[in-house]
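So the sequence lines, in the order shown, correspond to chains A and B. Here the UniProt record's numbering is used: the first residue of the first sequence is 1, the next is one more, and so on. Here the UniProt record's numbering is used: the first residue of the second sequence is 1, the next is one more, and so on. Beta carbons are placed, not taken as given, at the ideal position from N, Cα and C, and that holds for glycine.
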Amino acid sequence: MIERVITIPEQVTVRGKRVDDLLPWILSVPFALLFVLFLGIPLYRLFELSFQSETFLGHYVNIFAVGRYRNALFMSFAISILVTAVSIVLGLFMAYFLARREFTGKRLVVAIISFPISFPGVLVAWAMIVVLGRTGVLPQFLAFLSGESASTFAIVFSFWGLVAGYTYFTLPRVTMSMVSSIEKVDQNIEEAARSLGASRLQTFRHVTLPVIAPAIASAVTLAFSVCMAAFGTALLIASGVVDILPLMIFNVIMGQQDYAAGAAMAVVLTIITVSVIYGYRRKFGGSVYA
Amino acid sequence: MPESGLGSRLPDLDYGLFAFYLVCVAVLTFILLPVFVVFFYSFFGSAVGGLSRPTLEFYEGAISNNLDAIILSIQIAVITVIVDIIVGVPAAYTLVRYEFPFKRLLTELTILPMAIPGIVIGVAIVRSWGAPRFGIDIGGTVEIIIIGHILFTIPFVIQVTMATLESIDYRRLEESARSLGAGWLRTFVYVIIPNIYSGIIAGSIMAFALSLGEFNISFFVYTPQNTTLPIALFGGFRTATVGEASALASIFILLIVGLLLIVQLISDEGVKLGGNV
């Protein structure tokens, strides 16, 4: 046996505290600095700026008083709710498929579904343009079939193009976030329900759904907040066509150079997304992102 | 569930199951078709007015016009990931390991950059740091883009690191190391890090991919001299030909797919998260 000599290092102390205990805190200082300097201060200044108006809360009142601004807010809500609903329904199908079926190439299918998650919004917009735009494959194909001009079928620069684009980046996120919770559902109970005469739909409604409800809530939160915040896709597809809140912020700040009004809209948008996400955490405890 | 193939018992064809598969195929088509078309257009140009022969000229054009942007984006992503690890991993460790006041609140705050729309962070940063302040002048530099990317990606590294730390019995490991005489730093570097490094790597590749694709913050802080790949994509989609824009998009897709395949290989979890688009 080789005897090892263990030397215990002397404890270094600062004012009676062991340096060892302080180290983690010291190591966390850069992180705190990063957040304070480049998130905290900028957001605070934006908040402050949003109150700089002639009348009390003038810019906030304008968001609801000025027709264009109000419509942009409502349009953002409308698109986000519609896309969330579509994504959840289709995502449930896909998540079920992935969680329950074993087949060769499953990993490939998972990879296919999950890789659009990392696409930037502008790329998604381009993907929609090549499919639904004037030179896109679907309008070209339909024009070939019907003999009419392809422009008739080009729907990309419109509300529906925006819905398609948003669904493209929301659906994979929603699907992947629901798969693992469906995997956890006890299939024996489902089979018991089926053998007792419940239809597939009844089994889903009364056995599966209650178990996966929190996962669905998480997916709804994720989809809705991502849609509300999305900017890149909309900038390419809907700039000047459909008014939504992020585009309005961009127009007001870059076009009209009205930072204060834009700041107020940015604050409203932030309050919506942040309260949705933290509201979910408060109610269900888990993280939307894990 | 005992379900046999559709073809084997056509008489009592299960319409529900049939519809189910139909939806799944439709969804997969919806996701794959645009990518195929982008690749197709990158070789053939637009399909309008008949097909030409496949060519690589669009790729040549896309690369020669955007080489600076591609290189800059990769450089920014590398630096972003390095800073993410150096800054994020110790912070994640502190948040998991130690008890202190407002621990829960601080943990929740780490995901704030994911919850705040990118456009808001972009506007806020350019408004505060676009002009010199406190003797720091980073307006219009690459540094301000990198800082934006770090803010955007660091929550992912922290989340993955925290989750991995919680999944291992780090207290036992630590106690053993400490009782054998290792100090905090040695314990951290030689015992904790090796046990969580696959999580850190997966988080880092994810952060790398997100940094490559980050548009919303960059769009507000970039200057024409510091054009990143997504900004170049945006410009290309508006001005370049269909073929060249598709070639540039294809290059980006290939980069991302390559990175994510690596994540899939080293981590069972795969990719579930995504940043703001």
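Counted within 10 angstroms of its Cβ, other Cβ atoms place residue i as buried (16 or more) or exposed
i: F134(B); result: exposed
i: Y98(B); result: exposed
i: S211(B); result: buried
i: F56(A); result: exposed
i: F156(B); result: buried
i: T55(B); result: exposed
i: I119(B); result: buried
i: Y222(B); result: buried
i: Q264(B); result: buried
i: F119(A); result: buried
i: I113(A); result: buried
i: D84(B); result: buried
i: Y21(B); result: exposed
i: F31(A); result: buried
i: I217(B); result: buried
i: D14(B); result: exposed
i: D243(A); result: buried
Separation of residue j from residue i, as counted between CA atoms
i: Y96(A); j: V179(A); result: 7 angstroms
i: G147(A); j: A154(A); result: 14 angstroms
i: S50(A); j: V242(B); result: 41 angstroms
i: I277(A); j: G181(B); result: 44 angstroms
i: L28(B); j: S239(A); result: 28 angstroms
i: Y166(A); j: F159(A); result: 11 angstroms
i: T228(B); j: L173(B); result: 43 angstroms
i: I158(B); j: F35(A); result: 13 angstroms
i: M228(A); j: Q187(A); result: 36 angstroms
i: M162(B); j: V189(B); result: 16 angstroms
i: T221(A); j: I70(B); result: 34 angstroms
i: L33(A); j: M114(B); result: 18 angstroms
i: V109(A); j: Q257(A); result: 46 angstroms
i: R282(A); j: E108(B); result: 11 angstroms
i: E183(A); j: A99(A); result: 5 angstroms
i: S179(B); j: I150(B); result: 36 angstroms
i: A217(A); j: V23(B); result: 22 angstroms
i: M128(A); j: F40(B); result: 14 angstroms
i: V226(A); j: N276(B); result: 6 angstroms
i: R104(B); j: L248(B); result: 43 angstroms
i: L254(B); j: M94(A); result: 24 angstroms
i: I200(B); j: F252(B); result: 24 angstroms
Three-way DSSP call (helix, strand, coil) for residue i in this model
i: R133(B); result: strand
i: L198(A); result: It is Ala, not Leu, that sits at residue 198(A) in the sequence shown. Three-state result, A198(A): coil.
i: E99(B); result: coil
i: N226(B); result: helix
i: P214(A); result: helix
i: Q257(A); result: coil
i: P117(B); result: coil
i: N71(A); result: helix
i: T110(B); result: coil
i: T221(A); result: helix
i: S4(B); result: Interpretation of S4(B) is limited by its pLDDT of 47, a score under 50 that renders its predicted location unreliable; no figure is taken from the coordinates.
i: V191(B); result: helix
i: V242(A); result: coil
i: F31(A); result: helix
i: K184(A); result: coil
i: Q52(A); result: coil
i: P231(A); result: Correcting the residue type first, residue 231(A) is Phe in the shown sequence and not Pro. In the structure shown, F231(A) sits in coil (DSSP, three-state: anything other than H, G, I, E or B).
i: F215(B); result: coil
i: A207(B); result: helix
i: T141(B); result: coil
i: T241(B); result: coil
i: L185(B); result: helix
i: L57(A); result: coil
i: V66(A); result: coil
i: E175(B); result: helix
i: E166(B); result: helix
i: N276(B); result: coil
i: T102(A); result: For the sequence presented, residue 102(A) should be read as Glu rather than Thr. It is coil, neither helix nor strand.
Contact test: residue i Cβ vs the ligand SAM heavy atom, cutoff 6 angstroms
i: V83(A); result: Summarising the ligand content, the structure contains no ligands, and the ligand SAM is consequently not present.
> Whole alpha helix (DSSP H) runs in the stretch 104-163 of chain A with 4 or more residues, listed along the chain?
Replying inline: The stretch 104-163 of chain A contains these whole alpha helix (DSSP H) runs: 106-114, 121-132 and 137-146.
> Relative to chain A, which residues along the stretch 113-131 of chain B have a C-beta separation below 9 angstroms, given in chain order?
Replying inline: P113, M114, A115, I116, P117, G118, I119, V120, I121, G122, V123, A124, I125, V126, R127, S128 and W129
> Using a beta-carbon distance cut-off of less than 9 angstroms, what residues from the stretch 213-224 of chain B approach chain A?
Replying inline: G213, E214, F215, N216, F219 and F220
>> Tell me which residues of the stretch 200-223 of chain A have at least one Cβ-Cβ distance to chain B shorter than 8 angstroms, keeping chain order.
In response: R200 and L201
> Of all the alpha helix (DSSP H) runs that stay within the bounds of the stretch 11-92 of chain B, which reach a length of 4 or more residues?
Replying inline: 15-44
> When Cβ atoms are compared, which residues of the stretch 125-138 of chain A fall closer than 8 angstroms to chain B?
Replying inline: Under the 8 angstroms Cβ criterion, the stretch 125-138 of chain A contributes A125, W126, A127, M128, I129, V130, V131, T135, G136 and V137.
> Name the residues in the stretch 39-61 of chain A whose C-beta lies less than 8 angstroms from a C-beta of chain B; which are they?
Replying inline: L39, I41, P42, L43, R45, L46 and L49
>> Closer than 7 angstroms between beta carbons: that is the criterion. Which residues of the stretch 221-249 of chain B meet it against chain A?
In response: P230, L233, F234, F237, V242, A245, S246 and A249
> According to a CB-to-CB cut-off of less than 7 angstroms, which residues of the stretch 173-205 of chain B neighbour chain A?
Replying inline: L180, G181, G183, W184 and L185
>> Tell me which residues of the stretch 266-277 of chain A have at least one Cβ-Cβ distance to chain B shorter than 7 angstroms, keeping chain order.
In response: A266, L269, T270, T273, V274 and I277
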